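Here the structure is laid out as structure tokens; the discussion comes afterwards.
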Amino acid sequence: AAFRASPPAYTPPANQCPDGEICADDARRVEVWGSCWHRYYQLDLEYFMSGQARAIVDVLNRSHLWAKTLSESHREDTTDRVAKIADKLARAPGAQPPRAPRLGGYGGLDALGAGAG
């Protein structure tokens with residue numbers, strides 16, 4: 671969806687949200703759309719692709735698989751890899767035992783509430 675600001679003199683129908691929905695709850699409108707919910711409206715979008723453009727996109731999809739690569743999610747694989755690396759590091763010769771996590775960033779408090787050195 672795309673949105674556009676209304677002209678300054680325009681007054682939208684009472685309680686009409688940018689998507690055209692009527693919502694009587696002011697707090698809900700502000701939560702969903704922000705404080706200027708009454709100053710913009712939704713634009714209808716249409717996409718057009720010529721036959722030549724479609725042929726080019728089809729070739730790219732078949733040849734380079736770029737769309738598939740961009741759309742795939744590898745979160746589970748990444749989590750497993752990080753866990754395996756952490757395990758290897760913990761078992762490595764000379765590995766230090768893990769420290770308690772620190773809160774507050776640089777010079778903050780450690781997990782026990784003692785000041786960082």
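Using my numbering, read the sequence shown as starting at 671 and increasing by one per residue. Think of the CB as a built atom: it goes at the ideal place given N, C-alpha and C, for glycine as much as any other residue. A quick note: this is a predicted structure, and the numbers were derived from the prediction, not measured.
Check, Outcome
"CB contact flag (PRO688, GLN712, <8 Å)", "yes"
"Beta carbon of ALA790 nearer than 8 Å to that of ARG709", "Residue 790 lies beyond the stretch modelled for the chain, which goes from 671 to 787, so this question has no answer here."
"Pick from PRO767, ALA672, PRO763 and GLN766 that is closest to TYR717, judged by C-alpha positions", "ALA672"
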